[in-house]
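**Q** Quick one: this structure, given as structure tokens, is what I'll be asking you about.
There are 2 protein chains.
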Amino acid sequence: MATIKEVATAAGVSPSTVSRILANDTWGKEETRKRVLNAIKELQYNPNALARQFRTQETKTIIVIIPDLSNTIFHEITLGIEAEADAHNYKVLIVDTKRQLSLESYYLNAIQQHEYDGVISMDANIPRKLLEQFATKYPLVVALMNIPGSQIPTVRIDNIAATAAAMKHLIRLGHKSIAHITSSSDLFAYKERLDTYREELIKNNLSVNPQLIKAGEATISGGFEMANQLIASGEKFTAIFAAGDTMAMGAISALRQKGIRVPEDVAVVGFDDLEVSSYYNPPLTTIRQPKYKIGQYAFSKLLSIMKEEKVTETVDILPYELVIRESCGHYL
Amino acid sequence: MATIKEVATAAGVSPSTVSRILANDTWGKEETRKRVLNAIKELQYNPNALARQFRTQETKTIIVIIPDLSNTIFHEITLGIEAEADAHNYKVLIVDTKRQLSLESYYLNAIQQHEYDGVISMDANIPRKLLEQFATKYPLVVALMNIPGSQIPTVRIDNIAATAAAMKHLIRLGHKSIAHITSSSDLFAYKERLDTYREELIKNNLSVNPQLIKAGEATISGGFEMANQLIASGEKFTAIFAAGDTMAMGAISALRQKGIRVPEDVAVVGFDDLEVSSYYNPPLTTIRQPKYKIGQYAFSKLLSIMKEEKVTETVDILPYELVIRESCGHYL
DNA sequence: TTGTACGCGTTATCAG
DNA sequence: CTGATAACGCGTACAA
Chain A
10 MATIKEVATA
20 AGVSPSTVSR
30 ILANDTWGKE
40 ETRKRVLNAI
50 KELQYNPNAL
60 ARQFRTQETK
70 TIIVIIPDLS
80 NTIFHEITLG
90 IEAEADAHNY
100 KVLIVDTKRQ
110 LSLESYYLNA
120 IQQHEYDGVI
130 SMDANIPRKL
140 LEQFATKYPL
150 VVALMNIPGS
160 QIPTVRIDNI
170 AATAAAMKHL
180 IRLGHKSIAH
190 ITSSSDLFAY
200 KERLDTYREE
210 LIKNNLSVNP
220 QLIKAGEATI
230 SGGFEMANQL
240 IASGEKFTAI
250 FAAGDTMAMG
260 AISALRQKGI
270 RVPEDVAVVG
280 FDDLEVSSYY
290 NPPLTTIRQP
300 KYKIGQYAFS
310 KLLSIMKEEK
320 VTETVDILPY
330 ELVIRESCGH
340 YL
Chain B
10 MATIKEVATA
20 AGVSPSTVSR
30 ILANDTWGKE
40 ETRKRVLNAI
50 KELQYNPNAL
60 ARQFRTQETK
70 TIIVIIPDLS
80 NTIFHEITLG
90 IEAEADAHNY
100 KVLIVDTKRQ
110 LSLESYYLNA
120 IQQHEYDGVI
130 SMDANIPRKL
140 LEQFATKYPL
150 VVALMNIPGS
160 QIPTVRIDNI
170 AATAAAMKHL
180 IRLGHKSIAH
190 ITSSSDLFAY
200 KERLDTYREE
210 LIKNNLSVNP
220 QLIKAGEATI
230 SGGFEMANQL
240 IASGEKFTAI
250 FAAGDTMAMG
260 AISALRQKGI
270 RVPEDVAVVG
280 FDDLEVSSYY
290 NPPLTTIRQP
300 KYKIGQYAFS
310 KLLSIMKEEK
320 VTETVDILPY
330 ELVIRESCGH
340 YL
């Protein structure tokens, strides 16, 4: 592998000249440029990125921390991040923590070793103090999640309003026994959805039955299991509000297996609006998060921080949308 | 950020001593070690990975090239890769080419800039000659795919036998008009499945109707569209063999929308066995690929190459399995 | 067992 | 517009 020195020798110039021509496409006399460019081609020279990064202390790379790659919502957000990053010549590395705290810490630590320039996290679970300490030292943006009462830059929707919209829809349809299935992780977004679920019931003079609240894995199989628990509990319910579409899909599958029809016997509403949700049988009523946009905003924000610009708005709230399909039994 | 030099000064030793203690947990006198370890803690020293990588010309990182992160099969394989990589202290970077040739080339090129030590590709679409050239120079393993007649190390299932098994099952169930929906990309795996689809029909004295073969995007929405094309064509068919579960799911959704029942009116068989496939309505009959294992094997193979061991078997063929569920209408 | 000296490939600074 | 020189932080051959 040729080095910049060899190119310089071949072109009869100094290494710095080559370096400058590489960095700046208008630098140098036309003739010098040509000679250097030729030598580069001739020798099939490729800059050693490692050396460059070492010298500049800059990797032009960010990492995106995701709790679970099998949930495609994270992918859809990442697409937005990638688009924006591309436009600014940044590379994006995706890491999957599989919801393991140790991996989250590991990847956050990596930035101290100069491996990346910034982080967008959708799995910020380490203690808040640690996280805030981190944010004061290194560029960090949290997407999709909500770090309550914190100054950490965040891009997300209004979970409370969105959940209220979903619940209001079910209640308007006449449901009085609404179950809730959610993640047992302590992500704040799930807590907000659970709290709002309770509040909306109370606001509408409906009772909150703890038996109708199940927490488990935020996956298809998790939803499947929780729905089975609901059925096994013997409690009556005519609707399920799932805190994520993956769980909603699993729940529908479980209901069907027991001969319970969706939406005729039980209505189901999800959260996220994944690609598969509109193709599912029945198609899911759900809250659409502006996933692509969340990704774009998150990167822009991170870029500002990396450039050490002041970030005025620390929290960006993007609009959600209630998407009504068949799983709740009524088109309005 | 403290450097190794500062640690050395603080501990009253030379930088090389620190370096050696870091690299080797038995090196040095007990007392020296203690002093150095203390200084490291004191100064919150973190080795500069960039400098280290630059020095050793080794990143201990591999990249996994994936064509489409929204198809979870790639994620399930990546889990296997990650497990194995972890065990050998390698980091895994996931890149999503979104099926763009230019991105594939871009990422392959990156290895020439020393950014990674090796590549596992599930989206090897650049011209075969280029790919083979690359493989002679850098560690590369192809997973899931098949590069026909090539010496490039590969881990996959036997596509032809697997497809034959799926087709034989449908034919045994009495289907005579079987449609095929597949990807319009020129991935060899799809070509093999298409060819075998044709062969199995012929072997069983069934006619091959080109109208019943549709190619499109290998996604849910792609499958949705292709099924609609089949219906619109007016041709009769009682079964669909989809070259991927995502397409199968989209197809089922389209059929249902037109009031065509699955499996009563049309049987559907997919390929891959994703997590969602067993929860879909109806649950998918499909070919299970040993995804996790494919990932593990692929990394082991790559590791051997990176260590410059000779790889004797260039192609690993792992066993597939025909998983029979409701979408084909019969339990055997 | 430990320290000294050097170099990896690049870019920034300064001088010409 | 261009060249010489230094420096980034670390690992290692060699010397002590």
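Residue numbers (the numbering used here), protein chains in the order written: chain A, 10 to 341; chain B, 10 to 341.
Using N, Cα and C, we set each Cβ at its ideal position, and we do this for glycine too.
From which residue to which residue does the beta strand (DSSP E) around residue 189 of chain B run?
**A** As a position in the second sequence, residue 189 of chain B is number 180, starting the count at 1. Residues 187 to 192.
**Q** Is it the case that the Cβ atoms of residue 228 of chain A and residue 247 of chain A are separated by a distance below 7 Å?
**A** Walking along the first sequence from the start, residue 228 of chain A turns up at place 219. Walking along the first sequence from the start, residue 247 of chain A turns up at place 238. Taking 7 Å as the Cβ cut-off, residue 228 of chain A and residue 247 of chain A do not qualify as a contacting pair.
**Q** Please state whether DSSP places residue 250 of chain A in a helix, a strand or coil.
**A** Position 241 of the first sequence, counted from the start, is the residue given in the question as residue 250 of chain A. Strand.
**Q** Among all the DSSP beta bridges, which residues are the ones paired with residue 331 of chain A?
**A** Numbered from its first residue, the first sequence carries residue 331 of chain A at position 322. Looking at the DSSP assignment, residue 331 of chain A forms a beta bridge with A:296.
**Q** Secondary structure at residue 314 of chain B, three-state DSSP: helix, strand or coil?
**A** The residue labelled residue 314 of chain B in the question sits at position 305 within the second sequence. Looking at residue 314 of chain B - three-state DSSP - the assignment turns out to be helix.
**Q** The alpha helix (DSSP H) that contains residue 230 of chain B, what's its start and end?
**A** In the second sequence, the residue the question calls residue 230 of chain B occupies position 221. 229 to 242 is the span of the alpha helix (DSSP H), which, as asked, contains residue 230 of chain B.
**Q** Could you check the C-alpha separation between residue 138 of chain B and residue 113 of chain B for me, to the nearest Å?
**A** Counting from one through the second sequence, the residue named residue 138 of chain B turns up at place 129. Counting from one through the second sequence, the residue named residue 113 of chain B turns up at place 104. In a straight line, the C-alpha of residue 138 of chain B is about 15 Å away from that of residue 113 of chain B.
**Q** Would a check of beta-carbon distances place residue 341 of chain A closer than 7 Å to chain B?
**A** As a working note, residue 341 of chain A is residue 332 in the first sequence. Because the pLDDT of residue 341 of chain A is 47, which lies under 50, any placement of that residue in the model is unreliable, and the question is left without a value.
**Q** So what's residue 279 of chain A in DSSP terms, helix, strand or just coil?
**A** On the first sequence, residue 279 of chain A is found 270 positions in, with the first residue counted as 1. Coil.
**Q** If you reduce the DSSP assignment to three classes, tell me which class residue 130 of chain A lands in.
**A** In the first sequence, counting from the first residue as 1, residue 130 of chain A sits at position 121. DSSP places residue 130 of chain A in strand when its eight states are reduced to three.
**Q** When the Cα of residue 154 of chain B is compared with those of B:169, B:111, B:96 and B:142, which residue comes out closest?
**A** By 1-based counting over the second sequence, the position of residue 154 of chain B is 145. For the residues B:169, B:111, B:96 and B:142, the minimum Cα distance to residue 154 of chain B belongs to B:169.
**Q** Mark residue 35 of chain B as exposed unless 16 or more other C-beta atoms lie within 10 angstroms of its C-beta, in which case mark it buried.
**A** Stepping through the second sequence from its first residue, residue 35 of chain B is reached at position 26. Exposed.
**Q** For the alpha helix (DSSP H) containing residue 45 of chain B, list its first residue and its last residue.
**A** As a working note, residue 45 of chain B is residue 36 in the second sequence. 39 to 51 is the span of the alpha helix (DSSP H), which, as asked, contains residue 45 of chain B.
**Q** Helix, strand or coil, according to DSSP, for residue 183 of chain A in the structure here?
**A** Position 174 of the first sequence, counted from the start, is the residue given in the question as residue 183 of chain A. Coil.
**Q** Would you tell me roughly how many angstroms separate the C-alpha atoms of residue 264 of chain A and residue 130 of chain B, rounded to the nearest one?
**A** One-based indexing of the first sequence puts residue 264 of chain A at position 255. One-based indexing of the second sequence puts residue 130 of chain B at position 121. Straight-line Cα distance between these residues: approximately 39 Å.
**Q** Name the residue from B:88, B:59, B:171 and B:267 whose alpha carbon lies nearest to the alpha carbon of residue 280 of chain B.
**A** Within the second sequence, the letter at position 271 stands for residue 280 of chain B. Here the closest residue by C-alpha is B:171.
**Q** 7 Å is my cut-off, CB to CB: does residue 288 of chain A come that close to chain B?
**A** Here residue 288 of chain A is taken as the residue at index 279 of the first sequence, counted from 1. Closer than 7 Å to some Cβ of chain B, the Cβ of residue 288 of chain A qualifies, so yes.
**Q** Bridge partners for residue 117 of chain A per DSSP, in chain order?
**A** Position 108 of the first sequence, counted from the first residue, corresponds to residue 117 of chain A. DSSP lists no partner for residue 117 of chain A.
**Q** Please identify the residue among B:321, B:330 and B:305 whose C-alpha is closest to the C-alpha of residue 99 of chain B.
**A** Indexing the second sequence from 1 puts residue 99 of chain B at position 90. Checking every option, the nearest Cα to that of residue 99 of chain B belongs to B:305.
**Q** Determine the DSSP secondary structure at residue 167 of chain A, reduced to helix, strand or coil.
**A** As a position in the first sequence, residue 167 of chain A is number 158, starting the count at 1. In this structure, residue 167 of chain A counts as coil in the three-state DSSP scheme.
**Q** Is residue 268 of chain B near residue 232 of chain B, with beta carbons less than 7 Å apart?
**A** Residue numbering aside, residue 268 of chain B sits at position 259 when the second sequence is read from its first letter. Residue numbering aside, residue 232 of chain B sits at position 223 when the second sequence is read from its first letter. No, Cβ-Cβ distance for residue 268 of chain B and residue 232 of chain B is not below 7 Å.
**Q** State the start and end residues of the unbroken beta strand (DSSP E) segment that holds residue 72 of chain A.
**A** Within the first sequence, residue 72 of chain A is the residue found at index 63, counting from 1. Start and end: 70 to 75.
**Q** In this structure, does DSSP put residue 303 of chain B in helix, strand or coil?
**A** Against the second sequence, residue 303 of chain B aligns to sequence position 294. Residue 303 of chain B: helix per DSSP, three-state reduction.
**Q** Identify, in the order they occur along the chain, each residue of the same chain with its Cβ nearer than 6 Å to the Cβ of residue 164 of chain B, setting aside the five sequence neighbours on each side.
**A** Stepping through the second sequence from its first residue, residue 164 of chain B is reached at position 155. Closer than 6 Å at Cβ, skipping near neighbours: 152, 303, 306, 307 and 325.
**Q** Please list, in chain order, the chain B residues whose beta carbon lies closer than 9 Å to that of residue 351 of chain A.
**A** Not covered by the structure: residue 351 of chain A. The range shown for chain A is 10 to 341.
**Q** Assuming residue 191 of chain A and residue 207 of chain A make a contact with CB atoms under 8 Å, what is their CB distance in whole Å?
**A** Position 182 of the first sequence, counted from the start, is the residue given in the question as residue 191 of chain A. Position 198 of the first sequence, counted from the start, is the residue given in the question as residue 207 of chain A. Not really, about 11 Å apart at Cβ, beyond 8 Å.
**Q** What in chain B is Cβ-close to residue 229 of chain A, meaning under 8 Å?
**A** Position 220 of the first sequence, counted from the start, is the residue given in the question as residue 229 of chain A. Within chain B, the residues near residue 229 of chain A are 284, 285 and 288.
**Q** Identify whether residue 338 of chain A lies in helix, strand or coil by the three-state DSSP scheme.
**A** What you label residue 338 of chain A is simply residue 329 of the first sequence in a count that begins at 1. Three-state DSSP puts residue 338 of chain A in coil, outside helix and strand.
**Q** Could you please tell me which residues of the region 73 to 84 of chain A, in chain order, have their CB closer than 8 Å to any CB of chain B?
**A** Answer in chain order: 78, 79, 81 and 84.
**Q** Can you tell me the Cα-Cα spacing of residue 335 of chain A and residue 283 of chain B, whole angstroms?
**A** Counting from 1 along the first sequence, the entry for residue 335 of chain A is found at position 326. Counting from 1 along the second sequence, the entry for residue 283 of chain B is found at position 274. Their Cα atoms are separated by approximately 24 Å.
**Q** Taking all protein chains shown into account, decide if residue 77 of chain B is buried (16 or more other Cβ within 10 angstroms of its Cβ) or exposed.
**A** As a working mapping, residue 77 of chain B is identified with position 68 in the second sequence. The residue in question, residue 77 of chain B, is buried, as its Cβ has 16 or more Cβ neighbours within 10 Å.
**Q** So residue 58 of chain B and residue 122 of chain A are supposed to be a Cβ contact under 8 Å. How far apart are they, rounded?
**A** In the second sequence, residue 58 of chain B corresponds to position 49, counting from 1. In the first sequence, residue 122 of chain A corresponds to position 113, counting from 1. Rounded to whole angstroms, the Cβ separation of residue 58 of chain B and residue 122 of chain A is 4 Å, and the two are in contact under 8 Å.
**Q** Residues of the region 88 to 108 of chain B in Cβ contact with chain A at a cutoff of 9 Å, in chain order, please.
**A** 88, 91, 100, 101, 102, 103, 104, 105 and 107
**Q** Just reading off the alpha helix (DSSP H) that residue 138 of chain A is part of, what are its end residues?
**A** Within the first sequence, numbered from 1, the residue matching residue 138 of chain A stands at position 129. Run containing residue 138 of chain A: 137 to 146, per the alpha helix (DSSP H) assignment.
**Q** Helix, strand or coil: how does DSSP classify residue 175 of chain B here?
**A** Counted from its first residue, the second sequence places residue 175 of chain B at position 166. Note: residue 175 of chain B maps to helix in three-state DSSP.
**Q** Tell me the rounded alpha-carbon separation between residue 86 of chain A and residue 28 of chain B.
**A** Along the first sequence, read from residue 1 onward, the residue named residue 86 of chain A stands at position 77. Along the second sequence, read from residue 1 onward, the residue named residue 28 of chain B stands at position 19. If I take the Cα positions, the gap works out to 41 Å.
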